[in-house]
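Those sequence lines, one after another, are chains R and D.
Residue numbering for the first sequence follows my numbering, beginning at 1 and increasing consecutively.
Residue numbering for the second sequence follows my numbering, beginning at 1 and increasing consecutively.
2 protein chains.
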Amino acid sequence: MDRSKLIELIFSKKSFLCIGLDTDLSKIPAHLFESDDPIFEFNRAIIDATHDLAIAYKPNFAFYECYGSVGWQSLTKTIQYLNSAYPGQLFTIADAKRGDIGNTSQQYARAMFDPSSSGMDFDAVTVAPYMGEDSVKPFLSYPGKWIIVLALTSNKGASDFQFFKDNNHRLFEKVLINSQKWGSPENTMYVVGATQAEMLSDIRKIVSGHFLLVPGVGAQGGSLQEVAKYGLTKDCGLIVNSSRNIIYASNGLDFAEKARAEAAIMQQKMSGILSYSVRQSKQD
Amino acid sequence: MDRSKLIELIFSKKSFLCIGLDTDLSKIPAHLFESDDPIFEFNRAIIDATHDLAIAYKPNFAFYECYGSVGWQSLTKTIQYLNSAYPGQLFTIADAKRGDIGNTSQQYARAMFDPSSSGMDFDAVTVAPYMGEDSVKPFLSYPGKWIIVLALTSNKGASDFQFFKDNNHRLFEKVLINSQKWGSPENTMYVVGATQAEMLSDIRKIVSGHFLLVPGVGAQGGSLQEVAKYGLTKDCGLIVNSSRNIIYASNGLDFAEKARAEAAIMQQKMSGILSYSVRQSKQD
Chain R
1 MDRSKLIELI FSKKSFLCIG LDTDLSKIPA HLFESDDPIF EFNRAIIDAT HDLAIAYKPN
61 FAFYECYGSV GWQSLTKTIQ YLNSAYPGQL FTIADAKRGD IGNTSQQYAR AMFDPSSSGM
121 DFDAVTVAPY MGEDSVKPFL SYPGKWIIVL ALTSNKGASD FQFFKDNNHR LFEKVLINSQ
181 KWGSPENTMY VVGATQAEML SDIRKIVSGH FLLVPGVGAQ GGSLQEVAKY GLTKDCGLIV
241 NSSRNIIYAS NGLDFAEKAR AEAAIMQQKM SGILSYSVRQ SKQD
Chain D
1 MDRSKLIELI FSKKSFLCIG LDTDLSKIPA HLFESDDPIF EFNRAIIDAT HDLAIAYKPN
61 FAFYECYGSV GWQSLTKTIQ YLNSAYPGQL FTIADAKRGD IGNTSQQYAR AMFDPSSSGM
121 DFDAVTVAPY MGEDSVKPFL SYPGKWIIVL ALTSNKGASD FQFFKDNNHR LFEKVLINSQ
181 KWGSPENTMY VVGATQAEML SDIRKIVSGH FLLVPGVGAQ GGSLQEVAKY GLTKDCGLIV
241 NSSRNIIYAS NGLDFAEKAR AEAAIMQQKM SGILSYSVRQ SKQD
């Protein structure tokens, strides 16, 4: 999915919500265990119940890999369902945080972006920047696909290295500066945790036009209003992820309905933020 | 596998060779395609032909993930074969370069270390340090298991961020310093590329007792002699990986035999290095 289509989706759905499919067997409703693939059945129900409120879905690979090849089957079915049931209506993110030397990252790129090889066809993949340019560029060799580079993450350990500082910049700023040369705002986004909302104004000075994927709203304590205040652009420029708050809103028979209710709360807030920002930009 | 057992293996086999199972369908012998699982059959033949010359095997996950869940089945069969055919005789490394927020890394740890969940039971996993302590520590909650933290990698892009410098240290040094507090030489190793051999003496000043996993000898241009000169300790302290030079020595019917011949050349060099270092330490 290209940038203009993504922006169109955001403004037509009045939402910049991404739903994280961090599907954990210990948290999903008991009745789903009657199915052959409870993880996929859970995901399908969540997707069906929320697809008009969210613009993106983000399966986190760890929650599938912990079940080995069986988990990968559930993951594969999930991305295939997203693409077949709602073609062109959803942006899909492989939250895999991959990165390795060039010829190896090329194989990871096939995993995420080449359905003829892996069965999977995501729009974007999260990548770790530590190994530098050649670890990331192979993902950009697929036209229309995106990398989402870890910049400033939402966890406590973010402070261990991401704020490491030379005379001019902190490491996360160095990542933002260098990686802009690898791609463009048409194929590169950044992960910036919602728990770091006050840093977003610094980040927007470096990457004014790029989309940011913002996890950490909700369960991790980040505020949507703060994120929008510092991160929003005229194209929206934000994809805000929520996982646990939405998908585990209930673990009863009504889990999908309750997930929809939580997603709707987010979507309504986002709709307000978007319409306010549109009004404001007309006044400018 | 604990540290004393690993050291015992190294000195009894007179080898610190790790064979990288970066198994690529486009490079393996044509006759293997008669099998249902050519990747696994290739790996099994390589392992059987070289198990007495190597002390470790390191499947790189990218080469399996590019085939989706089918690739994960080949990967799972490979680690199960390593553990069942040669119990206690081989150190096994999941070269996956994972790392995410704490509750997510916990799921990755299950993937690598909990066979009751994923079917896989590696001794060690490579981890990316960018997200800091809480992204790495969940892997250390499994007794007897190891993390291998990316420090200074063998690729060109290593220079993009790993040499980023504050007043006192470069980033890879900061990673070495901080991460020593997370674990110990009993459960933590570091990745240091052979192409950075001259940096090993600086690295040994920081991590004098830790094992280093050294990729990049051979196809990537690193020298075994240089690595040993700067990196060897009284416990050996090195695991040197070779992938392409060994596993693709031939793509004919004799591929396993030729792989053995290449592994034997490495093992003989390593035997010489180890016996020289033992003689030298006796003279000290």
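Beta carbons are placed, not taken as given, at the ideal position from N, Cα and C, and that holds for glycine.
Predicted model, so just to flag it, every value in this text is computed and none were measured.
Where the beta strand (DSSP E) through residue i begins and ends
| i | result |
| --- | --- |
| residue 98(D) | 91 to 98 |
| residue 59(R) | 56 to 59 |
| residue 151(R) | 146 to 152 |
| residue 242(R) | 238 to 242 |
| residue 20(R) | 17 to 21 |
The alpha helix (DSSP H) enclosing residue i, as first and last residue numbers
| i | result |
| --- | --- |
| residue 40(R) | 38 to 50 |
| residue 136(R) | 133 to 136 |
| residue 125(R) | Note, residue 125(R): premise wrong, no alpha helix (DSSP H); beta strand (DSSP E) at 124 to 127. |
| residue 230(D) | 224 to 231 |
| residue 70(R) | 68 to 85 |
| residue 6(R) | 3 to 13 |
| residue 34(D) | Here residue 34(D) belongs to no alpha helix (DSSP H), and DSSP marks it neither H nor E. |
| residue 141(D) | Careful: residue 141(D) lies outside any alpha helix (DSSP H) and carries neither H nor E. |
| residue 250(R) | Note, residue 250(R): premise wrong, no alpha helix (DSSP H); not H, not E. |
| residue 117(R) | 115 to 118 |
| residue 62(R) | 62 to 65 |
Supposed close pair residue i, residue j - CB separation, criterion 8 Å
| i | j | result |
| --- | --- | --- |
| residue 22(R) | residue 243(R) | 5 Å |
| residue 216(R) | residue 222(R) | 4 Å |
| residue 102(R) | residue 130(R) | That belief does not hold up - the Cβ atoms of residue 102(R) and residue 130(R) are roughly 14 Å apart, past 8 Å. |
| residue 227(D) | residue 197(D) | 5 Å |
| residue 269(D) | residue 224(D) | 6 Å |
| residue 132(D) | residue 157(R) | 2 Å |
| residue 68(R) | residue 118(D) | 4 Å |
| residue 105(R) | residue 135(R) | 5 Å |
| residue 255(R) | residue 59(R) | Rounded, the Cβ-Cβ distance is 17 Å, inconsistent with contact. |
| residue 266(R) | residue 9(R) | At roughly 16 Å, the Cβ-Cβ gap does not stay under 8 Å, so residue 266(R) and residue 9(R) are not in contact. |
| residue 61(R) | residue 93(R) | Not really, about 11 Å apart at Cβ, beyond 8 Å. |
| residue 57(R) | residue 75(R) | So it is not a contact: roughly 12 Å between Cβ atoms. |
| residue 271(R) | residue 14(R) | 4 Å |
Chain D contact for residue i (CB, 8 Å cutoff)
| i | result |
| --- | --- |
| residue 130(R) | yes |
| residue 58(R) | no |
| residue 217(R) | no |
| residue 73(R) | yes |
| residue 99(R) | yes |
| residue 107(R) | yes |
| residue 52(R) | no |
| residue 76(R) | yes |
| residue 44(R) | no |
| residue 165(R) | yes |
| residue 207(R) | no |
| residue 269(R) | no |
CB contact below 8 Å: residue i versus chain R
| i | result |
| --- | --- |
| residue 150(D) | yes |
| residue 66(D) | yes |
| residue 146(D) | no |
| residue 178(D) | yes |
| residue 93(D) | no |
| residue 199(D) | no |
| residue 171(D) | yes |
| residue 120(D) | yes |
| residue 8(D) | no |
| residue 62(D) | yes |
| residue 196(D) | no |
| residue 184(D) | no |
| residue 135(D) | yes |
| residue 158(D) | yes |
| residue 124(D) | no |
| residue 117(D) | yes |
| residue 155(D) | yes |
| residue 13(D) | no |
| residue 102(D) | yes |
Problem - Sufficient close CB pairs (3 or more, under 8 Å) joining the stretch 86 to 105 of chain D to the stretch 5 to 22 of chain D - result: These segments touch.
Exercise for the section: Mind the definition here: the stretch 119 to 126 of chain D touches the stretch 141 to 157 of chain D only if three or more C-beta pairs lie below 8 Å; say whether that holds. Expected result: Counting C-beta pairs closer than 8 Å gives three or more between the stretch 119 to 126 of chain D and the stretch 141 to 157 of chain D, which meets the contact rule.
Problem - At least 3 beta-carbon pairs within less than 8 Å: the stretch 240 to 259 of chain R vs the stretch 14 to 29 of chain R - result: A contact exists between the stretch 240 to 259 of chain R and the stretch 14 to 29 of chain R.
Practice task
May I ask you to verify whether the stretch 226 to 242 of chain R touches the stretch 168 to 182 of chain R, counting CB pairs closer than 8 Å and requiring at least 3?
Solution key: No: fewer than three Cβ pairs fall under 8 Å.
Practice task
Please confirm if the stretch 134 to 145 of chain D is in contact with the stretch 104 to 114 of chain D, defined as three or more CB-CB distances below 8 Å between the two stretches.
Solution key: The answer is yes - the stretch 104 to 114 of chain D touches the stretch 134 to 145 of chain D, with three or more Cβ pairs under 8 Å.
Handout entry: Cβ contact check for the stretch 47 to 54 of chain R and the stretch 254 to 262 of chain R: 3 or more pairs under 8 Å
Key = Flag = yes, the stretch 47 to 54 of chain R and the stretch 254 to 262 of chain R touch.
Practice task
Could you tell me whether the stretch 33 to 47 of chain R touches the stretch 35 to 49 of chain D, where touching means 3 or more Cβ pairs closer than 8 Å?
Solution key: Counting Cβ pairs under 8 Å, fewer than three are found: no touch.
Handout entry: Inter-stretch contact (C-beta, 8 Å, three-pair minimum) for the stretch 183 to 195 of chain R and the stretch 150 to 164 of chain R
Key = With three or more CB-CB distances shorter than 8 Å, the stretch 183 to 195 of chain R counts as touching the stretch 150 to 164 of chain R.
Handout entry: Segments assigned alpha helix (DSSP H), at least 4 residues, entirely inside the stretch 146 to 217 of chain D
Key = With a minimum length of 4 residues, the continuous alpha helix (DSSP H) runs that stay inside the stretch 146 to 217 of chain D are 158 to 161, 171 to 179, 200 to 206.
Exercise for the section: Please list the residues of the stretch 243 to 254 of chain D that have a C-beta atom closer than 7 Å to any C-beta atom in chain C, keeping them in chain order. Expected result: Reference to chain C is not applicable here, since the protein chains of this structure are R and D.
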